[in-house]
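**Student:**
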Amino acid sequence: MIEFKDVCFEYRSQSADQPATRAINGITEYIGEGEFVVVLGRNGSGKSTMARLMNALLLPTRGTVWVEGMDTSKDEMVWEIRKTLGMVFQNPDNQIVATTVEEDLAFGPENLGLVPAEIRRRIDEAARYVGMEGHMRHSPHMLSGGQKQRVAIAGILAMEPKCIVLDESTSMLDPKGRKEVLNLVRTLNRDRKITIILITHHMEEAVDADRVMVMDNGRIVMKGTPREIFTRTEELKKAGLSVPRVTQLIHRLKSKGLALSGTALTVDEAEESLKGVLCKGEKRGTLDDTSESGENGEVIVRIRDLTHIYMPGTTFEKKALDNVSMDIMRGEILGIIGHTGSGKSTLVQHLNGLLKPTSGSVEVDGLECGKKTLKELRQKVGLIFQYPEHQLFEETVYKDIIFGPARLGLSEEEIQERVSRVLRILGLSGELLEKSPFELSGGQKRRVAIAGVLAMEPEILVLDEPTAGLDPQGSEEVFSFLTRLNKINGTTILIISHNMDQIAAYCSRVAVLNKGRLEMLDTPKRVFSREERLGELGLDIPEITRLFRNLARSGYPVSGDILTVPEAVREIAGLTAGQEPGKGGMFP
Amino acid sequence: MIGNITLGQYIPGESVLHRLDPRSKIIWTALLMVAVFMINTWQEYVVMGAFIAILLIISGIPVKQSLKGLKPLLLILAITAVLNIFFVRGTPLAKLGPVAITYEGIISAVMLFLRLVMLVVAASLMTLTTTPMAMTDGIERMMKPLERIGVPAHEIAMMMSIALRFIPTLMEETERIMKAQASRGADFDTGNLLKRVKSFIPVLVPLFVSAFKRADELAEAMESRCYRGSKGRTRLKQIRFTMLDLKASLAGVLFLILLFGQRFWM
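Sequences listed follow chains R and U, in order.
If you read the first sequence in our numbering, its first letter stands for residue 272, the second for the next number, and so on.
If you read the second sequence in our numbering, its first letter stands for residue 66, the second for the next number, and so on.
Spelled out as structure tokens, the structure:
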């Protein structure tokens, strides 16, 4: 299907004195017809460049790429190549051309010069296939991210390709949208035998692949079946990736000497594997639920009966928040979870006065939110939106960081001191300060944008999906400085996230929103113990928790409220410690 | 929540007007507008008004919807009407200081008002019964002959439809960036004009950066879907000049002959 021979690709540098950057560094690879290949790699590893080489959007600087025997560098072939190999991109918004779904699906077939009746047949079929037939006349901006990506896929399907390349197409979606897209892609591969090349930095998406390739520095550094790849955790770590939590757990237990078989890629496999070393029995001691509910200490934000209605009195009227009352404690890390559209963003925008309550009140550190307190409020509450790097605008990083502090009437020295403090917390080097923010890498941009808010030295920091679009290493960096900030400065931190593993690992309390109402507010352990209710709300629980709940349900003496890998290791270690040697005891 | 506003005021329907070729709608709207400016007796006003009212009934568009377009024009309308009342010379009816309100002034103000209402209703009849895509298609086809003298008809139409597609997206984005900058202490509401204009730089720069990025990515996506300009491209919905258009056009011609012909034989 696709063949790479000795392929190199260099991006020409913008200025003469900089050397060209080599994005692809000698790849020779073959992808067969009907394969489902997942290409993994951190940001900047060259995986997107590789996708573009397959579609003749980029041409190799050296070597050759063939798609079904067609050389991509031959001009007259480009048309046929793009007909054979369709591409779905990362940003759902930036690949929809037309003002209605129907017209957008037709765009590809129209370019192929098909007759209207045939276009009609193909787009109707494609829309049915992806389940968007009821949205044909809708305007694309009214759709969810997952729906938009399904439209994009249908638009490619209508061109009847043999191969589809998805370039990080799931990275900007919420968990539901991601599932929608992944399920669709899997069915396409299974039922229609369409070759799928899925590019991602989420290891979980690689579990079902026929073959996995790991890229780093423009090279393919590992390849094999998911099972083979997932055992090599050390190498993966070096490539900036991390394996699913359950795989991590089994791996760690093995390295501690527990006789477990194989690698676990999914919760089910991990369960089977652990059943082999655990004995059924009663849980010793009752479930210790003495963990504090976290509701002691000083209240920093007091929200009472908060209701917010968007565009009241119009046909678009929407109640985004419905009578929410809650207290946020000084110094806590509070996770806010909920389905897309449950009111999370609306809630946090009340904290710094971007939105005014329709009714009810919000009080931050004794300040009633209102016109007069706005300036003070915005200094106390730092709000960081999704993809904060999109708000960078100054010529240099330094100027961008001091944008906020310069408006606080601080002295020059104080500002400089703040900047260096912030750089230290974020782990950024001082050399960056004179660079243009637009030259930086994705992860650096994100940190610089966050620095601009941190330099205001807020007492409360609110982050909306702080790790969206970052690779595992980048995400880890974000959380490590957030915990630092919380420990050293005592900053209260609110995190909106869809990533339950992150919430479980870092938050002291979790608030669950549903349809504008506060559904739960408790410790992660208690919140995630209500698996059924969360499921009804369309929310997952951490993988590890699911594993242990399953084990507990099957009659094994484990607690069902384990949240993280280290906890899980301790739990299993405690259980197997007393066992006879030879039965897999861990600590002899 | 700006994103909720639907673009193009198109109201779906199956009326004759909905089914007409966008080209005939564009041409006839233009002709009607010219005609509205040419009428000057009250009889002609009545006939014209009745004709537009009939079209409105045929289209099935609610009257309220068709008058919505008037709202932004009301202020200009009021000012010109007032100016007319005071500055058209003729038989004075009342005196207000140095200026006089004249009979002719009031008549011309009323006529101006009626004209504008008819213009707006005629124009919105077109936009309310035609999808933005059909409209750009129609424009593209009409400009086709101009391609020979180097006018990029297809490209212009494509740009128009992409602009329509991205207006809501960019509006949402503007809102988001403004909120983000406000959270960092930006102040858009106080200070003199210069200061306010300056305060928009932190919004405009990221907006432009992102617009260029979007343009880049969109171009890539279009290319990978085999787009290469108008060459060899067909359309899902072909616009065709049908019998219906012929009949409608004949009716239109007949109406214009009646409207202006009476000037000669009456």
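Backbone N, C-alpha and C fix where the C-beta goes; we use that ideal spot for every residue, glycine too.
Measuring only the C-alpha atoms, how far is R:Val478 from R:Gln687?
**Tutor:** Using only the alpha carbons, I get a separation of about 48 Å.
**Student:** Just the Cα atoms here: how many angstroms apart are U:Pro197 and U:Asp86?
**Tutor:** For U:Pro197 and U:Asp86, the distance between alpha carbons rounds to 13 Å.
**Student:** How long is the line joining the alpha carbons of R:Gly416 and R:Lys450, rounded to whole angstroms?
**Tutor:** Each residue's Cα considered, the two are about 12 Å apart.
**Student:** Out of U:Thr156, U:Ile242 and U:Pro127, point me to the one whose CA is closest to U:Ser275's CA.
**Tutor:** Ranking the options by Cα distance to U:Ser275, first place goes to U:Ile242.
**Student:** Is the Cβ-Cβ distance between R:Pro795 and R:Ala823 less than 8 Å?
**Tutor:** Contact: no.
**Student:** Give the straight-line distance between the Cα atoms of U:Leu229 and U:Val111, rounded to the nearest whole angstrom.
**Tutor:** Distance between the alpha carbons of U:Leu229 and U:Val111 is about 37 Å.
**Student:** Spell out the partners DSSP gives R:Cys279 in its beta bridges.
**Tutor:** Its beta-bridge partners are R:Asn296 and R:Arg333.
**Student:** Going along chain U, which residues have a C-beta under 8 Å from R:Arg353?
**Tutor:** Going along chain U in sequence order, the residues near R:Arg353 (Cβ under 8 Å) are Glu288, Ser289, Arg290 and Cys291.
**Student:** On the DSSP bridge list, what partners appear for R:Val633?
**Tutor:** BP columns for R:Val633 point to R:Ile574.
**Student:** Could you work out which residues of chain U lie near R:Asp364, taking near to mean beta carbons separated by less than 8 Å?
**Tutor:** Those within 8 Å of R:Asp364 in chain U are Thr234 and Arg279.
**Student:** Identify whether R:Lys589 lies in helix, strand or coil by the three-state DSSP scheme.
**Tutor:** Three-state result, R:Lys589: strand.
**Student:** So, do the region 311-318 of chain R and the region 706-715 of chain R have three or more beta carbon pairs nearer to each other than 8 Å?
**Tutor:** Output reads yes: the region 706-715 of chain R touches the region 311-318 of chain R.
**Student:** Check whether the region 835-845 of chain R touches the region 630-644 of chain R, counting contact only when three or more Cβ pairs, one atom from each stretch, lie closer than 8 Å.
**Tutor:** With the cut-off at 8 Å, the region 835-845 of chain R and the region 630-644 of chain R do not touch.
**Student:** Does DSSP put R:Tyr827 in a helix, a strand or coil?
**Tutor:** In the structure shown, R:Tyr827 sits in coil (DSSP, three-state: anything other than H, G, I, E or B).
**Student:** Looking at the secondary structure, which residues open and close the alpha helix (DSSP H) in which U:Arg328 lies?
**Tutor:** Where U:Arg328 is concerned, the enclosing alpha helix (DSSP H) stretches over Met308 to Trp330.
**Student:** Can you check which of these residues, U:Leu193, U:Leu269, U:Ser131 and U:Ala222, is closest to U:Val182 by C-alpha distance?
**Tutor:** The shortest Cα separation from U:Val182 among U:Leu193, U:Leu269, U:Ser131 and U:Ala222 belongs to U:Ser131.
**Student:** Can you find a C-beta in chain R that's less than 8 Å from the C-beta of U:Arg328?
**Tutor:** Closer than 8 Å: no.
**Student:** Quick check on the DSSP output: what are the complete alpha helix (DSSP H) runs of length 4 or more inside the region 598-664 of chain R, in order along the chain?
**Tutor:** With a minimum length of 4 residues, the continuous alpha helix (DSSP H) runs that stay inside the region 598-664 of chain R are 615-620 and 645-651.
**Student:** I'd like to confirm the pairing. Which residues does DSSP put opposite R:Met493 in its beta bridges?
**Tutor:** Paired residue(s): R:Val485.
**Student:** Quick one: what's got a C-beta closer than 8 Å to R:Arg523's C-beta in the same chain, skipping five residues either side?
**Tutor:** So the qualifying residues of the chain are Val836 and Val840.
**Student:** Should U:Leu269 go down as buried or exposed, given a rule of 16 or more other Cβ atoms within 10 Å for buried?
**Tutor:** Flag for U:Leu269 reads exposed.
**Student:** Less than 8 Å between the CB atoms is what I'm expecting for R:Thr760 and R:Ile604, so what's the real figure, rounded?
**Tutor:** Residue 760 of chain R is actually Asn in this sequence, not Thr. Between R:Ile604 and R:Asn760 the Cβ distance is about 13 Å, and since that is not below 8 Å, they are no contact.
**Student:** How would you write the range of the beta strand (DSSP E) that R:Leu385 sits in, first residue to last?
**Tutor:** R:Leu385 -> no beta strand (DSSP E), and no H or E assigned at all.
**Student:** Return the CA-CA distance between R:Leu520 and R:Glu540, expressed in angstroms with no decimal places.
**Tutor:** Answer to the nearest angstrom: the Cα atoms are 12 Å apart.
**Student:** Compute the Euclidean distance between the alpha carbons of R:Gly865 and U:Phe273, then round it to the nearest angstrom.
**Tutor:** Since the first residue shown for chain R is 272 and the last is 859, residue 865 of chain R is missing from the structure and cannot be characterised.
**Student:** Against chain R, does U:Lys136 count as a neighbour if the rule is that its beta carbon must be under 8 Å from one of theirs?
**Tutor:** Closer than 8 Å: no.
**Student:** Listing by chain order, which chain R residues have their CB less than 8 Å from the CB of U:Thr318?
**Tutor:** Sequence inspection shows Val at residue 318 of chain U; the Thr mentioned does not correspond to that position. Those within 8 Å of U:Val318 in chain R number zero; the least Cβ separation is about 30 Å.
**Student:** Spatial neighbours of U:Glu205 within its chain, please: C-beta separation below 7 Å, excluding the five flanking residues on both sides.
**Tutor:** The answer, listed in chain order, is Ala218, His219 and Ala222.
**Student:** Flag this pair as touching only if the region 368-377 of chain R and the region 409-426 of chain R have three or more C-beta atom pairs under 8 Å; answer yes or no.
**Tutor:** Result yes; three or more Cβ-Cβ pairs closer than 8 Å.
**Student:** Is R:His769 helix, strand or coil when you go by DSSP?
**Tutor:** R:His769 falls in the coil class under three-state DSSP.
**Student:** Buried or exposed: which applies to R:Tyr301, given that a residue is buried once 16 or more other Cβ atoms fall within 10 Å of its Cβ?
**Tutor:** Per the 10 Å Cβ criterion, exposed.
**Student:** Determine the DSSP secondary structure at R:Leu356, reduced to helix, strand or coil.
**Tutor:** If DSSP states are grouped into helix, strand and coil, R:Leu356 belongs with the strands.
**Student:** Could you name the residues of chain R that U:Pro271 contacts, counting a contact when the two beta carbons are closer than 8 Å?
**Tutor:** Chain R residues near U:Pro271: His661, Gln662, Leu663 and Phe664.
**Student:** Could you give the uninterrupted runs of the alpha helix (DSSP H) lying entirely in the region 778-841 of chain R, keeping only those of 4 residues or more?
**Tutor:** Listed in chain order, the complete alpha helix (DSSP H) runs (minimum 4 residues) inside the region 778-841 of chain R are 795-799, 802-807 and 814-824.
**Student:** For U:Arg154, count the other beta carbons within 10 Å of its own beta carbon; 16 or more makes it buried, fewer makes it exposed. Which is it?
**Tutor:** Counting Cβ neighbours within 10 Å, U:Arg154 comes out exposed, since fewer than 16 surround it.
**Student:** Is DSSP giving R:His472 helix, strand or coil here?
**Tutor:** Coil at R:His472, not helix or strand.
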